[in-house]
Amino acid sequence: MKRLAFLLFTGLLTFQAFSQEKSQEQPKLVVGIVVDQMRYDYLTRFWDRFGEDGFKKLINEGYNFKNNHFNYVPTYTGPGHASVYTGTSPMNHGIIGNGWYDKFIHESVYCAGDDSVESVGTQDDAGKMSPHRMKTTSFADENRLHTQMRGKTIGVALKDRGSILPAGHTANAAYWFHGADEGKWITSSFYMDELPQWVKDFNDSDKVEAYLKTWNTLYDIETYKESGSDVNEFEGGYRGKETASFPYDLTELGDTDRKFEILKASAYGNDITTDFALAAIDAEELGQDEDTDVLTLSYSSTDYIGHNFGVNSKEVQDAYLRLDQNIADLLTHLDEKVGEGNYTIFLTADHGGVDVPAYLESVNIPAGYFESDEFTEELKEFTSEEFDEDELIESVYNSQIFFNYEVMEEAEISSSELQSKLAHYILQLDQIDKVFTRDQLSGGSFVTGAGAAIQNGFNQKRSGDVVYVLDPATIVYSRTGSTHGSGLMYDTHAPLIFYGNGVKKGSTTQRTEIVDIAPTVSSILGISFPNGTTGTPLFMMLDAEETEISE
Ligand SMILES: [Zn+2]
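Under mature numbering (1 follows the signal peptide of the UniProt record, and there is no 0), residues -19 to -1, 1 to 532 are what the sequence shown spells out, in order.
Below is the structure:
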């Protein structure tokens, strides 16, 4: 108890120290960059191929956290973006998946879906989105509150959830890309009733259309020694081309009536995102006055490409070499428009990705594919036989089993009994590694390991009643391409680089977590931490001298 009080006391002192040290030279702009499906090892694997002005500049002149992890399961895009910006995990922010089974309305919901708002910029339903399912604030929200709403927040990403969740509840705007037959940046009536003129102008220009061209490798493909062969059995590819190999004529491939969709799944999707982000910096005058603005920027194409071709593909390598140039362009633009030293950047990911299991199997590493439909049937059979009651299982979603509480009540079956019998049964099945029950996850705290990660991802209100974990490198997916979602290293180990105003030069191999990002940014800005924060500011990187105070 004494120790706890001491810790609380020093914590308070440290935080106050930061608030007081809030200098005149605060960043005028914070740019959060999330690269969808970026594994940490892309930085090291492709290091020699990067130019001097992109990733290398961020790392050489910033602070590189080499052992940074997601501290929860499931590692998906929605939870990832929410956790980066809210400083907490699904346990508190409530984004427990990209979609999940909503047991209160008895149907599945999408993390950013919102039928109460309208699309803006398209007739399509693709704009009916908002952050209403995220229960806590993001640091962008806290910055808005702190600056009496004078500091702006703009969100940009091809994926709606990659734009909406980071920008938070108080954003001036979040924009995402509607491919299909339109190729336009859109938003929702949650933010505004009409697109601003600069977005209309961007959409009316031929900027997007210009990327409907051939995607070939940036450099001679023979020099791409850091990835697997271009033709192999582990890649998906685009419809309309027999082999998943360069070059790809994007005007010919893909759906004729949805011709812009393929751009999202090519390296050019990141170019389009960069073009739009630079236009946003100019038109919204980000970083031009005393109140700090926030630009949340996510690069989604890397995820589509990883899913399609696998994390070891030439396509992924090329996407990162091109993204390196996007980052360089962004830095140059920020130096010109906001000024060197006037902005702070962090770059991280929303999750990693697994090597294609079929490839791992081919080199004798344990891996596999799990048939989730068969599994669900087995569960239903087991509960019918064991309890003489059908329909006890209402849904299986994101490796969580949701019970039907009405049937349980009528049959007088207790949740605890169903949980423990089901958990015991599931653990005996092939490809199942671990099982956790609601009683276990609500009854105490796991400190480390898989239990802690499951618990951090378990929202008492929204999550299911039994959670199962598959064997390492075992996925529910096609036999080509990569996916993610687990608590294993390939999914949790993500880059984290800070750069610019308020950031020391350096690096560490000490473990840090995704939830530390938001309180760190808040410390730099001297603003309140997001209201559900569970992470800790990364003090080793901050410029302020606080060693004596915190012991
Ligand atoms: Zn993904």
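Where is the CB? At the ideal position from N, CA and C, for every residue including glycine.
Inter-residue CB distance, residue i and residue j (contact presumed, cutoff 8 Å)
| i | j | result |
| --- | --- | --- |
| P112 | G61 | The pair is not a contact, with the Cβ atoms about 15 Å apart (cut-off 8 Å). |
| T515 | S70 | 7 Å |
| T244 | I253 | Checking the sequence, you will find Leu at residue 244 rather than Thr. Yes, L244 and I253 are in contact; Cβ-Cβ is about 6 Å, under 8 Å. |
| N49 | I495 | 7 Å |
| Q18 | A330 | 7 Å |
| F510 | M72 | Not quite, the Cβ-Cβ distance comes to about 16 Å (not below 8 Å), so this is no contact. |
| G108 | Y66 | G108 to Y66, Cβ: 21 Å. No contact. |
Bridge-paired residues (DSSP) for residue i
| i | result |
| --- | --- |
| T168 | V101 |
| G94 | M110 |
| G349 | T455 |
| Y156 | V137 |
| F327 | G13, F479 |
| K415 | V450 |
| Q381 | Y378, V448 |
| V484 | L523 |
| T515 | According to DSSP, which records beta bridges pairwise, T515 is partnered with nothing at all. |
| E175 | According to DSSP, E175 bridges with nothing at all. |
Whole-angstrom distance between residue j and residue i, CA atom to CA atom
| i | j | result |
| --- | --- | --- |
| L315 | L506 | 18 Å |
| A152 | F36 | 28 Å |
| P338 | E393 | 43 Å |
| S467 | T473 | 8 Å |
| Y91 | N79 | 6 Å |
| G136 | S395 | 45 Å |
| W157 | I167 | 6 Å |
| T198 | D211 | 11 Å |
| D96 | I86 | 14 Å |
| M130 | S89 | 34 Å |
| P232 | K240 | What sits at residue 232 in the sequence shown is Thr, not Pro. Distance between the alpha carbons of T232 and K240 is about 7 Å. |
| A404 | E391 | 22 Å |
| residue 579 | K9 | The structure shown does not extend to residue 579, since the chain is modelled only from -19 through 532, so no value can be given for it. |
| Q5 | D83 | In this prediction, Q5 scores a pLDDT of 49, lower than 50, which makes its location untrustworthy; no coordinate-derived value is stated. |
| A63 | V292 | 23 Å |
| G59 | D369 | 38 Å |
| L469 | E175 | 43 Å |
| G102 | H159 | 9 Å |
| D106 | K442 | 28 Å |
| N41 | T364 | 57 Å |
| S488 | T237 | 48 Å |
| D22 | G268 | 32 Å |
| D29 | L39 | 15 Å |
| K3 | K188 | Confidence in K3 is poor, its pLDDT being 43 and thus under 50, which makes the residue's placement unreliable; the coordinate value appears in the next sentence. Cα to Cα, the separation comes out at about 41 Å. |
| S401 | Q491 | 38 Å |
| E372 | V388 | 7 Å |
| N124 | G132 | 7 Å |
| R114 | L477 | 26 Å |
| L422 | I76 | 17 Å |
| E99 | Y280 | 25 Å |
| E317 | D310 | 11 Å |
| D256 | S282 | 14 Å |
6 Å Cβ shell around residue i - same chain, five flanking residues per side excluded
| i | result |
| --- | --- |
| Y249 | Y192 |
| F427 | A433, Q436 |
| T56 | H332, H465, G466, D472 |
| A93 | M110, D141, R142, I145 |
| N512 | T117, T118 |
| residue 540 | In this structure the chain extends from -19 to 532, so residue 540 is not present and cannot be described. |
| G462 | G217, H288, N289, G291 |
| P518 | P500, T501, S504 |
| Y458 | T464 |
| H127 | I508 |
Beta-carbon contacts of residue i that lie in its chain and below 7 Å, excluding the five residues immediately before and after
| i | result |
| --- | --- |
| R(-17) | Because the pLDDT of R(-17) is 43, which lies under 50, any placement of that residue in the model is unreliable, and the number read from its coordinates should be weighed accordingly. Counting only Cβ-Cβ distances below 7 Å, and skipping sequence neighbours, we find nothing. |
| K361 | I374 |
| residue 533 | The displayed coordinates of the chain run from -19 to 532. Any statement about residue 533 would go beyond what the structure contains. |
Any non-hydrogen atom of ligand 3 closer than 8 Å to residue i Cβ
| i | result |
| --- | --- |
| D472 | Ligand 3 is not among the ligands present in this structure, which contains only ligand 1. |
Nonlocal neighbours in the same chain, by C-beta distance under 8 Å from residue i, ignoring five residues either side
| i | result |
| --- | --- |
| A454 | V335, D336, P338, L341, I346, P347, A348, G349, L469, Y471 |
| L523 | F(-2), G483, V484, K485, T501, S504, I505 |
At least three beta-carbon pairs within less than 8 Å, the region 270 to 279 to the region 165 to 176: The region 270 to 279 vs the region 165 to 176: no contact.
Count Cβ pairs between the region 259 to 273 and the region 176 to 191 that sit closer than 8 Å; are there 3 or more? Yes, the region 259 to 273 is in contact with the region 176 to 191.
Taking contact to mean 3 or more Cβ pairs, one atom from each stretch, closer than 8 Å, check whether the region 369 to 381 and the region 433 to 451 are in contact. They touch, by the three-pair rule.
Does the structure place the region 409 to 417 close enough to the region 349 to 363 that three or more beta carbon pairs sit under 8 Å? Yes: the two stretches touch, three or more of their Cβ pairs being nearer than 8 Å.
Flag this pair as touching only if the region 291 to 303 and the region 214 to 234 have three or more C-beta atom pairs under 8 Å; answer yes or no. By the Cβ rule, the region 291 to 303 counts as touching the region 214 to 234, because three or more pairs are nearer than 8 Å.
Check whether the region 338 to 353 and the region 24 to 42 are in contact - that is, three or more C-beta pairs closer than 8 Å. As far as the Cβ criterion goes, the region 338 to 353 does not touch the region 24 to 42, which means the pair count is below three.
Answer yes if the region 322 to 331 comes into contact with the region 477 to 487, meaning at least three C-beta pairs across the two stretches below 8 Å, and no otherwise. Yes, the region 477 to 487 is in contact with the region 322 to 331.
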